[in-house]
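Working notes for the structure below.
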Amino acid sequence: MNITLQYFDGCPNWQVADRQLLEALELAGLGATAVDRRLVSTPEEAEAVGFRGSPTMLINGVDPFADPDAPIGLSCRVYRTDAGLAGSPTVEQLLAVLR
0 MNITLQYFDG CPNWQVADRQ LLEALELAGL GATAVDRRLV STPEEAEAVG FRGSPTMLIN
60 GVDPFADPDA PIGLSCRVYR TDAGLAGSPT VEQLLAVLR
(Lines of atoms letter the chains of each structure in order from A and count residues from 1; the text may use other names and numbers.)
(Lines give C-alpha, C1' and ligand atoms only; values in the text may rest on other atoms or scores of the structure.)
Protein backbone atom coordinates (compact mmCIF):
# COMPACT_ATOMS: atom_id res chain seq x y z
CA MET A 1 0.00 0.00 0.00
CA ASN A 2 1.31 3.42 -0.98
CA ILE A 3 0.18 6.36 1.15
CA THR A 4 0.99 9.98 0.43
CA LEU A 5 0.08 12.94 2.61
CA GLN A 6 0.17 16.16 0.59
CA TYR A 7 0.19 19.52 2.35
CA PHE A 8 1.36 23.09 2.00
CA ASP A 9 3.58 24.93 4.44
CA GLY A 10 1.48 26.85 6.94
CA CYS A 11 -1.49 24.50 6.80
CA PRO A 12 -2.85 24.29 10.36
CA ASN A 13 -4.34 20.82 9.83
CA TRP A 14 -1.77 18.65 8.10
CA GLN A 15 -0.03 17.56 11.31
CA VAL A 16 -3.37 16.57 12.86
CA ALA A 17 -4.14 14.58 9.72
CA ASP A 18 -0.71 12.97 9.90
CA ARG A 19 -1.25 11.86 13.52
CA GLN A 20 -4.74 10.55 12.76
CA LEU A 21 -3.48 8.71 9.70
CA LEU A 22 -0.71 7.04 11.73
CA GLU A 23 -3.24 6.05 14.40
CA ALA A 24 -5.58 4.58 11.78
CA LEU A 25 -2.70 2.64 10.22
CA GLU A 26 -1.85 1.15 13.62
CA LEU A 27 -5.48 0.21 14.31
CA ALA A 28 -5.74 -1.40 10.86
CA GLY A 29 -2.63 -3.49 11.54
CA LEU A 30 -0.67 -1.49 8.97
CA GLY A 31 1.64 0.34 11.36
CA ALA A 32 4.73 -0.58 9.34
CA THR A 33 3.37 1.19 6.25
CA ALA A 34 5.48 4.18 5.26
CA VAL A 35 3.75 7.51 4.71
CA ASP A 36 5.27 9.74 2.03
CA ARG A 37 4.82 13.35 3.14
CA ARG A 38 4.89 15.71 0.18
CA LEU A 39 5.09 19.47 0.47
CA VAL A 40 3.25 21.27 -2.33
CA SER A 41 4.91 24.68 -2.58
CA THR A 42 3.64 26.55 -5.62
CA PRO A 43 0.40 27.00 -7.56
CA GLU A 44 2.13 25.38 -10.54
CA GLU A 45 3.03 22.33 -8.49
CA ALA A 46 -0.54 22.16 -7.13
CA GLU A 47 -1.85 22.19 -10.69
CA ALA A 48 0.64 19.53 -11.81
CA VAL A 49 -0.38 17.07 -9.07
CA GLY A 50 -4.09 17.97 -8.96
CA PHE A 51 -3.80 19.20 -5.37
CA ARG A 52 -7.28 20.01 -4.03
CA GLY A 53 -6.19 21.41 -0.69
CA SER A 54 -4.23 20.65 2.42
CA PRO A 55 -4.16 18.07 3.80
CA THR A 56 -4.81 15.54 1.04
CA MET A 57 -4.25 11.83 1.56
CA LEU A 58 -3.68 9.52 -1.39
CA ILE A 59 -4.10 5.77 -0.96
CA ASN A 60 -2.41 3.97 -3.84
CA GLY A 61 -2.58 7.24 -5.76
CA VAL A 62 -6.31 7.78 -5.18
CA ASP A 63 -7.90 10.48 -3.02
CA PRO A 64 -10.68 8.57 -1.22
CA PHE A 65 -12.23 11.84 -0.01
CA ALA A 66 -12.11 13.61 -3.37
CA ASP A 67 -14.64 16.28 -4.22
CA PRO A 68 -14.39 16.66 -7.99
CA ASP A 69 -15.80 20.19 -7.71
CA ALA A 70 -13.11 21.39 -5.29
CA PRO A 71 -10.70 23.85 -6.87
CA ILE A 72 -7.07 22.95 -7.43
CA GLY A 73 -4.63 25.15 -5.54
CA LEU A 74 -2.88 26.03 -2.31
CA SER A 75 -5.81 26.18 0.06
CA CYS A 76 -7.05 24.57 3.23
CA ARG A 77 -9.30 21.59 2.78
CA VAL A 78 -12.30 20.59 4.87
CA TYR A 79 -13.77 17.14 5.43
CA ARG A 80 -17.33 16.18 6.33
CA THR A 81 -17.37 14.24 9.59
CA ASP A 82 -20.13 13.11 11.97
CA ALA A 83 -19.28 16.14 14.12
CA GLY A 84 -19.46 18.58 11.18
CA LEU A 85 -16.75 20.04 8.99
CA ALA A 86 -13.17 19.43 10.10
CA GLY A 87 -9.67 20.06 8.81
CA SER A 88 -8.92 16.34 8.64
CA PRO A 89 -10.82 13.09 8.26
CA THR A 90 -11.48 11.26 11.52
CA VAL A 91 -9.57 8.14 12.53
CA GLU A 92 -12.76 6.17 11.82
CA GLN A 93 -13.06 7.60 8.32
CA LEU A 94 -9.43 6.80 7.65
CA LEU A 95 -9.86 3.26 8.97
CA ALA A 96 -12.79 2.75 6.60
CA VAL A 97 -10.68 3.64 3.55
CA LEU A 98 -7.68 1.63 4.72
CA ARG A 99 -9.67 -1.58 5.10
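According to numbering that gives the first Met the number 0, the sequence shown holds residues 0 to 98 in order. Backbone N, C-alpha and C define an ideal beta-carbon position, used for all residues, glycine too.
8 Å Cβ shell around Gln19 - same chain, five flanking residues per side excluded: Ser87, Pro88, Thr89, Val90 and Leu93
State the DSSP-derived secondary structure class of Asp68, mapped to helix, strand or coil. coil
From the DSSP output, in three-state form, read off Asp17 for me. helix
Rounded to the nearest angstrom, what separates Arg51 and Ala95 at their Cα positions? 21 Å
Enumerate in chain order the residues of its own chain whose CB-to-CB distance from Cys75 is below 8 Å, with the five nearest sequence positions on each side excluded. Cys10, Pro11, Asn12, Gly52, Ser53 and Gly86
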